[in-house]
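Down below is the structure, laid out as structure tokens.
2 protein chains.
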Amino acid sequence: MSSVQELRVNEQAVELAPPSDATLRFIGTIRTPWHDRKDCPRQGHHDGPECQLVLDPVWHDALEGLEDYDTLEVLYWLDQSRRDLVRQSPKSDGRTFGTFALRSPVRPNPIGTAMVKLVGINNGTVVVRGLDCLDGTPLLDIKPDRCAFSPKAPPKSGTQTE
Amino acid sequence: MSSVQELRVNEQAVELAPPSDATLRFIGTIRTPWHDRKDCPRQGHHDGPECQLVLDPVWHDALEGLEDYDTLEVLYWLDQSRRDLVRQSPKSDGRTFGTFALRSPVRPNPIGTAMVKLVGINNGTVVVRGLDCLDGTPLLDIKPDRCAFSPKAPPKSGTQTE
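Those protein sequences? They're chains H and Z, same order as listed.
Counted the way the UniProt record's numbering counts, the first sequence spans residues 1 to 162.
Counted the way the UniProt record's numbering counts, the second sequence spans residues 1 to 162.
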């Protein structure tokens, strides 16, 4: 991890107290073919390899109905990332970009988001295509793609008709 | 909050230890026109009202370059949500769906995600359209929309040519 922790030319870190505003509960583990950061694709592709979202047993019942969706949003925790950079130099060439102008895993809250294609669900494991993260990445959430999802609840006063 | 905490017919909660796997740092606050859950739109719309992402000063420099993007991904913390439901009944009619088959704010890690249109950036405040959350919602992250973003770093071995 030492190479990941070193600052590149013109990168800017800030001093921060330990984070303490809210706490996450990992809900499972992501299995992918990639065991080293340098092997991960830069972005996932829907024709990429099958990956597994392995849910902890307590959450198995929460998958009911997910099979109705073709595209899912997956949230995960990029647990190997430093969190204190405000400016980053992706090419190590001295040119920097603000952290929020990048999709780098290095960010104050290293939450990865991906839109993936659902391949199948079997005994608490969701098989998908389109991820780009390391094998063993902690899983935070699964939701239907917002574009495909029709709210199941009654309309509310602030809801526009479409 | 009591009404939010009550279980509806056939909803299923699980017993959980307090979450302790990772910790979040709020990076700012979201300002929206909605002060009560019942007034929030069900989903944000790109022609909805302007909302403000008010960044804490330590992160102002991290916005550099964000103005180049038209569409942004925003992550926020739904701090009023219970986190222990595996089956939910959005219509309170006894019919339930698994939590992961819904985009409900009630989920093990209540992280909201939205794709929003950038209106402008001024002195650490990002003005956007397309949010649906309560005024005062804690902000977790801002990223360029994955569809519009071209990675700034050199290609890697796992990257497909497009």
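All C-beta atoms, glycine included, are put in the ideal place defined by N, C-alpha and C.
**Message:** So if I threshold CB-CB distances at 8 Å, which residues from the region 133 to 152 of chain H count as touching chain Z?
**Reply:** Taking 8 Å as the upper bound on Cβ-Cβ separation, chain Z lies near residues 138, 140, 141, 142, 143, 144, 146, 149, 151 and 152 of the region 133 to 152 of chain H.
(request) Check the Cβ of residue 87/H against every Cβ in chain Z and list those closer than 8 Å, keeping chain order. (result) Simply 61, 62 and 64.
Nearest chain H C-beta to residue 154/Z closer than 8 Å, yes or no? Yes, because at least one Cβ of chain H sits closer than 8 Å to the Cβ of residue 154/Z.
*Buried or exposed for residue 5/H, please, with buried defined as at least 16 other CB atoms from any protein chain shown within 10 angstroms of its CB.*
Around the beta carbon of residue 5/H, fewer than 16 other beta carbons sit within 10 angstroms, so the residue counts as exposed.
If you run the structure through DSSP and keep just helix, strand and coil, what is residue 106/H? Secondary structure of residue 106/H (DSSP, three-state): coil.
- Query: Under a CB-based cut-off of 8 Å, is residue 38/Z close to chain H?
  - Reply: So yes, residue 38/Z belongs to the interface.
Check: Listed from N- to C-terminal order along the chain, which residues in the region 100 to 111 of chain Z have their beta-carbon within a distance smaller than 7 Å of any beta-carbon of chain H?
Finding: For the region 100 to 111 of chain Z, residues whose beta-carbon sits nearer than 7 Å to a beta-carbon of chain H comprise 100, 101, 102, 103, 107, 108, 109 and 111.
Please classify residue 68/H: is it buried, with 16 or more other beta-carbons within 10 angstroms of its beta-carbon, or exposed? Counting every other CB atom within 10 Å of its CB across the protein chains shown gives residue 68/H a total below 16, marking it as exposed.
What first and last residue would you give for the beta strand (DSSP E) that runs through residue 144/H?
Its beta strand (DSSP E) spans residues 137 to 144.
Exercise for the section: Answer yes or no: do residue 38/Z and residue 152/H have a C-beta to C-beta separation smaller than 8 Å? Expected result: Between residue 38/Z and residue 152/H, the gap from beta carbon to beta carbon reaches 8 Å or more.
Alpha carbon to alpha carbon, what distance is there between residue 117/H and residue 124/H?
A straight line joining the alpha-carbon of residue 124/H with that of residue 117/H spans about 17 Å.
Of the choices 25/H, 24/H, 45/H and 59/H, whose alpha-carbon is the least far from that of residue 132/H? Nearest to residue 132/H by alpha-carbon distance, out of 25/H, 24/H, 45/H and 59/H, is 45/H.
(message) Counting only Cβ pairs nearer than 9 Å, list the residues of chain H close to residue 90/Z.
(response) Near residue 90/Z (Cβ distances below 9 Å), the residues of chain H are 151, 152, 153 and 154.
- Item | Helix, strand or coil at residue 52/Z according to DSSP, with G and I counted as helix | The answer is strand: DSSP assigns residue 52/Z an E or B state.
* Asked: Under a Cβ-count criterion, where at least 16 other Cβ atoms within 10 Å of its own Cβ denotes burial, should residue 251/Z be classed as buried or exposed?
  -> The structure shown does not extend to residue 251/Z, since chain Z is modelled only from 1 to 162, so the question has no answer here.
Considering only their Cβ atoms, is the gap separating residue 51/Z from residue 128/Z smaller than 8 Å? In terms of Cβ geometry, residue 128/Z and residue 51/Z form a close pair [threshold 8 Å].
Q.
Quick check: what's the CA-CA separation for residue 85/Z versus residue 32/Z?
A. Near 27 Å, if we compare the C-alpha coordinates of residue 32/Z and residue 85/Z.
Discussion item. Counting only Cβ pairs nearer than 7 Å, list the residues of chain H close to residue 128/Z.
Written reply: Near residue 128/Z there are no residues of chain H at all, since even the closest Cβ is about 12 Å away, more than 7 Å.
Can you find a CB in chain Z that lies within less than 8 Å of the CB of residue 131/H? False, the Cβ-Cβ gap to chain Z never drops below 8 Å.
Measure from the C-beta of residue 164/H to each C-beta in chain Z and report whether the shortest distance is under 8 Å.
Nothing in the structure corresponds to residue 164/H, since chain H is present only between 1 and 162.
Under the three-state DSSP convention, the category residue 14/H falls into: Annotated three-state conformation of residue 14/H is coil, per DSSP.
Worksheet item: Ends of the beta strand (DSSP E) at residue 87/Z?
Response: Per DSSP, residue 87/Z belongs to the beta strand (DSSP E) from 85 to 88.
Quiz item: So is residue 10/Z buried or exposed if we call it buried at 16+ other beta carbons inside 10 Å?
Solution: Residue environment analysis places residue 10/Z among the exposed positions, since fewer than 16 neighbouring C-beta atoms fall within 10 angstroms of its C-beta.
Proximity of residue 64/H and residue 101/Z at Cβ, strictly below 8 Å:
Contact: yes.
Taking DSSP's pairing of strands, which residues face residue 152/H in a bridge? As DSSP reads the structure, residue 152/H sits in no beta bridge.
Could you check how far apart the C-beta atoms of residue 24/Z and residue 109/H are, in whole angstroms? I think they sit under 8 Å.
Indeed they touch by this definition, with Cβ atoms about 5 Å apart.
request  = Could you confirm whether any beta carbon from chain H is found closer than 8 Å to the beta carbon of residue 42/Z?
outcome  = Between residue 42/Z and chain H, the shortest Cβ-Cβ separation is below 8 Å.
Under 8 Å between the Cβ atoms of residue 62/Z and residue 113/H? Pairing residue 62/Z with residue 113/H gives a Cβ-Cβ distance that is not under 8 Å.
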